[in-house]
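Asker:
2 protein chains.
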Amino acid sequence: MSKVLTSREENYAQWYNDLVIKADMAENSAVRGCMVIKPYGYAIWEKMQRALDDMFKQTGHVNAYFPIFIPKSFFSKEASHVEGFAKECAVVTHYRLKNSPDGKGIVVDPEAKLEEEYIIRPTSETIIWDTYKNWIQSYRDLPLLINQWANVVRWEMRTRLFLRTAEFLWQEGHTAHATSEEAINETETIINIYADFAEKWMAMPVIKGYKSENERFAGALETIAIEALMQDGKALQAGTSHFLGQNFAKAFDVTFTNQEGKLDYVWATSWGVSTRLMGALIMTHSDDNGLVLPPKLAPIQVVIVPIYKKIEELEKISEKVESILSGLKSAGISVKYDNDDKRKPGWKFAEYELKGVPIRLAIGQRDLENGTVEVARRDTLEKSLIPMETIVQYIVDLLEDIQQNIFNKALNFREQNTTKVDSYEEFKHLLETKGGFFLCHWDGTAETETKIKEDTKATIRCIPLDAPLENGKCMVTGKPSNKRVVFAKAY
Amino acid sequence: MSKVLTSREENYAQWYNDLVIKADMAENSAVRGCMVIKPYGYAIWEKMQRALDDMFKQTGHVNAYFPIFIPKSFFSKEASHVEGFAKECAVVTHYRLKNSPDGKGIVVDPEAKLEEEYIIRPTSETIIWDTYKNWIQSYRDLPLLINQWANVVRWEMRTRLFLRTAEFLWQEGHTAHATSEEAINETETIINIYADFAEKWMAMPVIKGYKSENERFAGALETIAIEALMQDGKALQAGTSHFLGQNFAKAFDVTFTNQEGKLDYVWATSWGVSTRLMGALIMTHSDDNGLVLPPKLAPIQVVIVPIYKKIEELEKISEKVESILSGLKSAGISVKYDNDDKRKPGWKFAEYELKGVPIRLAIGQRDLENGTVEVARRDTLEKSLIPMETIVQYIVDLLEDIQQNIFNKALNFREQNTTKVDSYEEFKHLLETKGGFFLCHWDGTAETETKIKEDTKATIRCIPLDAPLENGKCMVTGKPSNKRVVFAKAY
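Residue numbers (my numbering), protein chains in the order written: chain Y, 1 to 491; chain G, 1001 to 1491.
#1: For Arg1276 of chain G, does the count of other Cβ atoms within 10 angstroms reach 16, so buried, or fall short, so exposed?
#2: DSSP three-state call for Gly239 of chain Y: helix, strand or coil?
#3: Short of 9 Å Cβ to Cβ, which residues in the region 154-186 of chain Y face chain G?
#4: State the DSSP-derived secondary structure class of Phe1069 of chain G, mapped to helix, strand or coil.
#5: Taking the C-alpha atoms as reference points, what is the distance between Glu46 of chain Y and Pro358 of chain Y?
#6: Mind checking who Ala488 of chain Y pairs with in its DSSP beta bridge?
#7: Can you name the start and end residues of the alpha helix (DSSP H) that Pro1306 of chain G belongs to?
#8: Taking the CB atoms as reference points, tell me whether Ala1203 of chain G and Phe1407 of chain G lie closer together than 8 Å.
#9: How far does the alpha helix (DSSP H) with Ser29 of chain Y in it reach, from first residue to last?
#10: Name, please, each residue of chain Y whose Cβ falls closer than 9 Å to the Cβ of Ile1106 of chain G.
#11: Sort out for me which residues DSSP pairs Cys440 of chain Y with in a bridge.
#12: Would you decide whether Arg154 of chain Y is buried or exposed? Buried here means 16 or more other CB atoms lie within 10 Å of its CB.
#13: Looking only at DSSP bridge pairs, what is Glu374 of chain Y linked to?
#14: Is there a Cβ of chain Y sitting closer than 8 Å to that of Phe1248 of chain G, yes or no?
#15: Could you name the residues of the region 1253-1283 of chain G whose beta carbon sits closer than 9 Å to any beta carbon of chain Y, in the order they occur along the chain?
#16: Closest Cβ-Cβ distance between Val31 of chain Y and chain G: below 8 Å?
#17: Using the rule of at least 16 other Cβ atoms within 10 Å of the residue's Cβ for burial, across every protein chain shown, is Leu145 of chain Y buried or exposed?
#18: Counting contacts by CB-CB distance shorter than 8 Å, is Val36 of chain Y in contact with chain G?
#19: Using the C-alpha atoms, what's the distance from Arg484 of chain Y back to Val498 of chain Y?
#20: Can you tell which of G:Ser1138, G:Trp1271, G:Asp1102, G:Gly1041 has the C-alpha that lies nearest to the C-alpha of Leu1185 of chain G?
#21: Report yes or no: is there a C-beta of chain Y within less than 8 Å of the C-beta of Asp1130 of chain G?
#22: Between which residues of its own chain and Lys392 of chain Y is the CB-CB distance below 8 Å, once the five residues before and five after are set aside?
#23: Does the beta-carbon of Gly1371 of chain G have 16 or more other beta-carbons within 10 angstroms, so that it is buried, or is it exposed?
#24: How close, in whole Å, do the beta carbons of Cys34 of chain Y and Thr165 of chain Y come, if the pair is a contact with beta carbons under 8 Å?
#25: Is Met1001 of chain G buried or exposed, if buried means 16 or more other CB atoms sit within 10 Å of its CB?
#26: Please give the ranges of any beta strand (DSSP E) in the region 128-183 of chain Y, keeping only runs that are unbroken, at least 3 residues long and fully inside the region.
#27: Since I believe Ala178 of chain Y is in contact with Leu142 of chain Y (beta carbons under 8 Å), could you give me their beta-carbon distance rounded to a whole number of angstroms?
#28: Exposed or buried, Pro1387 of chain G, counting other C-beta atoms within 10 Å across all chains shown (16 or more means buried)?
#29: Check whether chain Y comes within 8 Å of Leu1097 of chain G, counting only Cβ atoms and requiring the distance to be less than that.
#30: Just the chain Y side, please: which residues come within less than 8 Å of His1441 of chain G by C-beta, in chain order?
#31: List the DSSP bridge partners of Asp264 of chain Y.
#32: Relative to the C-alpha of Ile68 of chain Y, which candidate in G:Leu1368, G:Ala1090, G:Lys1072, G:Ser1073 has its C-alpha closest?
#33: May I ask which residues mark the beginning and end of the alpha helix (DSSP H) holding Thr1433 of chain G?
#34: Against chain Y, does Val1448 of chain G count as a neighbour if the rule is that its beta carbon must be under 8 Å from one of theirs?
#35: Taking C-beta pairs closer than 8 Å, name the residues in chain Y that Pro1039 of chain G reaches, listed in chain order.
#36: Could you tell me the distance, in whole angstroms, from the CA atom of Trp347 of chain Y to the CA atom of Lys451 of chain Y?
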């Protein structure tokens, strides 16, 4: 069978793009930089949303919805925020169209110009903190633990499906607290949720760590991120949790009376993950045959393909399949029986392989005679014959096994591609030849990080929360350092 | 206790607005015409979404996501659609801000002007049909049964929380079919889903019917709506399902090869419900004390309030409550135990009444001695003492009873406020004095409907699907009519 994808070896970026499109995940739209998320891709996103939303709610968070429009002046209120966000964005200047005077089509009505322009939210700190001002008077009103599922727009010049698009979907949490400690705890609670989700649902190992000053969120005192390693040796930031201090409270004048009766500014966090996770998921596990999906996020976990020549054979197979279907469904497994007569088994095999369905069952005449089912697992492409009577339990176990196996495989890949380096020359050499994560000593200054970025395009992905203390010297300046940080080129 | 709401009698519009705000459902934002949906309101919307989404999926629909931006030229392609939608909308003209030359704040960068302006979607037929063009070649690609949950923007001049806002949340289904019959069936499937949802979840009786030409969706051949009657005697259109014929397929050149190998245009439907349903829900059931929520959509179905003087009493009550809590939770009921010591029981009673919690339990010292619980139902405000040992089953049954009771009450109200009228004078008189739905004969012309609207502000809400055939004369022109249609003033 001819391969439908460019191989990773040949052109990784092309492989990724081919895969996203051919597996029916997403495609570019008629609007520059905006994607259409197709039903199969959206079904995975919905599973991600559900799992994350449950985790947020279990930790006391609630959802709400704030306007998509942000008055332009709001962005000027938090000085570093405006630098980071307000520049490349969609600006609404008018609120009406009219028939063109020349009778051809429609034009913007110049009389319907807004007094103050609106920005389509690139992130919602400003409009939300402007709202919180009216919700918070006393410590009794705190904490506010609010999340929003929404679309946001950032006018990116170079876009890639899921990884970087002008419009994307995300969740953004915005919490308000009475004390600095409580806000910092919240930041950590969330990064732990993100890491758990990445590892247990996406089967994607991540490193939790602080961002350096250069890479911090515009307006944050501290940003904690989860960083994952993709198969091409580049890092991908998969989620961030920000401790905002009192910056936004001061910018929007949000004060509260504390337990001692004194007025103080409120402490804030914000945090988010986006449809970028879809890109991370695809790049972490997939291969040259197509998607590989973790069972916990697969829209279809098991597909059953009948192998037959005559329609009477199909009927007998379908009878047997009926009981497997009901067994799997009662075990909570999403299963599809593809008895479409217009397609050959070979076509179906390739299709479900491309779409990353974790387990494929094939049942033919000989299986009926022998009481067996052919089981093919997507992750290893191994096939085996399993007795029909134990198939349901076998699949329940195998799904767990696949979930664990692809996590282990990704973890193993990361370990093999994480290198401790002490010399800048070696760093530069290995960055180009091997790629991956590099654990290096760094003197802690923005200047050194900037120099490294200019020399090599690599940045500090994070300063791991669990980095062991170790005396060393910055690989560039030789100044003292007490722990290694993670460098990599990044998406 | 002083009433926190204006009464319906005194000022119905003010009562509604007070209620939405005081019950923490939503509020106006800093952005003109846009609302903030607060966590309590959003929790109800989430329950609506979940129920509808399940119903869509059970009938074979899948979700996807399309861009928020629509190129201006797309709107000109379907002639009647542009008239209906493209005028009052948010127009994106630029994609960058820059620091103001005078150093004060930020301004729109005139160099970052879009070649073609983008409209924030007021509805997505155009961008979606432009996309479907690439998805549909053959009858094998059909039907496409796709839904989108999204925000949309219509630049409304006069806005009201939930009922009419510039930005609102909704779902919009867009389906593509090989035949006219199949598309018409889909339109009916959906209106039945909407009616089931309205009646079984929202406990809101609705009339299903065709829209007259005047009230039809811009671009549709036929619109079916569900219409509900509010307590002030005005109608509210709660959901619409449109048969679009081949209009959008022709506008966007979407053809397919049918089973006979011939090229034909694709048949379309679209359908939607929005956060407007929240307004309908509130106005259907609530009273001068606050919200009344149907148990199936209530974020908190049962609240338990301890009545105590000393802290030792609270401890004993809490012990008893523990087993009620676990019993209710295992029955799948969402329950809150409000043991907040900073608030008095009276305050809590008023608060949960305002928020429409269907059942309130109160437990005090005497209840512990007698083995009883005080049960107050929100819909009738009745209280009764129930033996502690049977409380869980009692509540399970009572929740069903309340769901049914508020539906019956609303249905009874509608029946009492639906009047058959044959004289235009009587119609005009009763419209002003009584309000409600009017079943009248109409000659079927747009002119007559327009005249009635100009005379009275009433419009044809729908031509009921199940309207019995009955010979009569148009109440205005005296021309023959074979069935009665529903007139009312509407939101």
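In this text, a Cβ means the ideal position worked out from N, Cα and C, and glycines have one as well.
Answerer: The relevant details are as follows:
#1: The residue in question, Arg1276 of chain G, is buried, as its Cβ has 16 or more Cβ neighbours within 10 Å.
#2: Look at Gly239 of chain Y here: in three-state DSSP terms it is strand.
#3: Within the region 154-186 of chain Y, Trp155, Ala166, Glu167, Leu169 place their CB atoms closer than 9 Å to a CB of chain G, listed in sequence order.
#4: Assignment of Phe1069 of chain G by DSSP, reduced to helix, strand and coil, places it in the strand class.
#5: Roughly 18 Å separates the two Cα atoms.
#6: In the DSSP assignment, Ala488 of chain Y is bridged to Y:Thr459.
#7: First-last for Pro1306 of chain G: 1302-1306, but that is the beta strand (DSSP E), not the alpha helix (DSSP H).
#8: For Ala1203 of chain G and Phe1407 of chain G, yes; Cβs fall inside 8 Å.
#9: First-last for Ser29 of chain Y: undefined, no H or E at that position.
#10: Within 9 Å Cβ-Cβ: Lys72, Ser73, Phe75, Ser76, Val82, Ala86, Lys87.
#11: Its beta-bridge partners are Y:Val485.
#12: Residue burial is scored here from C-beta neighbours: Arg154 of chain Y has at least 16 other C-beta atoms within 10 angstroms and is therefore classed as buried.
#13: Glu374 of chain Y is bridged to Y:Ala362, Y:Leu385.
#14: Taking a beta-carbon distance threshold of 8 Å, Phe1248 of chain G does not count as an interface residue toward chain Y.
#15: Of all residues in the region 1253-1283 of chain G, Thr1275 have a Cβ within less than 9 Å of some Cβ in chain Y.
#16: The Cβ of Val31 of chain Y sits closer than 8 Å to at least one Cβ of chain G.
#17: Buried.
#18: Yes - at least one Cβ of chain G is within 8 Å of the one on Val36 of chain Y.
#19: Residue 498 of chain Y is absent from the model: chain Y starts at 1 and stops at 491.
#20: It is Asn, not Leu, that sits at residue 1185 of chain G in the sequence shown. Closest option to Asn1185 of chain G, Cα to Cα, is G:Trp1271.
#21: When Cβ-Cβ separations below 8 Å define contact, Asp1130 of chain G makes contact with chain Y.
#22: The residue asked about is misnamed: residue 392 of chain Y is Val in this sequence, not Lys. The residues are Ile324, Gly327, Leu328, Ala331.
#23: With fewer than 16 Cβ atoms within 10 Å of its Cβ, Gly1371 of chain G is classed as exposed.
#24: Indeed they touch by this definition, with Cβ atoms about 6 Å apart.
#25: Caution applies to Met1001 of chain G, whose pLDDT of 44 falls short of 50 and renders its modelled position unreliable; the value that the coordinates give is listed next. Answer is exposed; the Cβ neighbour count stays below 16.
#26: Segments of the beta strand (DSSP E) lying fully in the region 128-183 of chain Y: 144-153, 167-177.
#27: Here Leu142 of chain Y really is in contact with Ala178 of chain Y; their C-beta atoms are around 5 Å apart, less than 8 Å.
#28: In summary, Pro1387 of chain G is exposed, with fewer than 16 beta-carbon neighbours lying within 10 Å of its beta-carbon over all protein chains present.
#29: Yes, Leu1097 of chain G lies at the interface with chain Y (some Cβ there is under 8 Å from its Cβ).
#30: Chain Y residues near His1441 of chain G: none, gap ~38 Å exceeds 8 Å.
#31: In DSSP, Asp264 of chain Y forms a bridge with Y:Phe256.
#32: Per the Cα distances, G:Ala1090.
#33: Thr1433 of chain G -> alpha helix (DSSP H) spans 1424-1433.
#34: Here residue 1448 of chain G turns out to be Thr, not Val, going by the sequence shown. No, its Cβ sits nowhere closer than 8 Å to a Cβ of chain Y.
#35: Chain Y residues near Pro1039 of chain G: Val62, Asn63, Ala64, Ile146.
#36: Just so you know, the alpha carbons of Trp347 of chain Y and Lys451 of chain Y end up roughly 52 Å apart.
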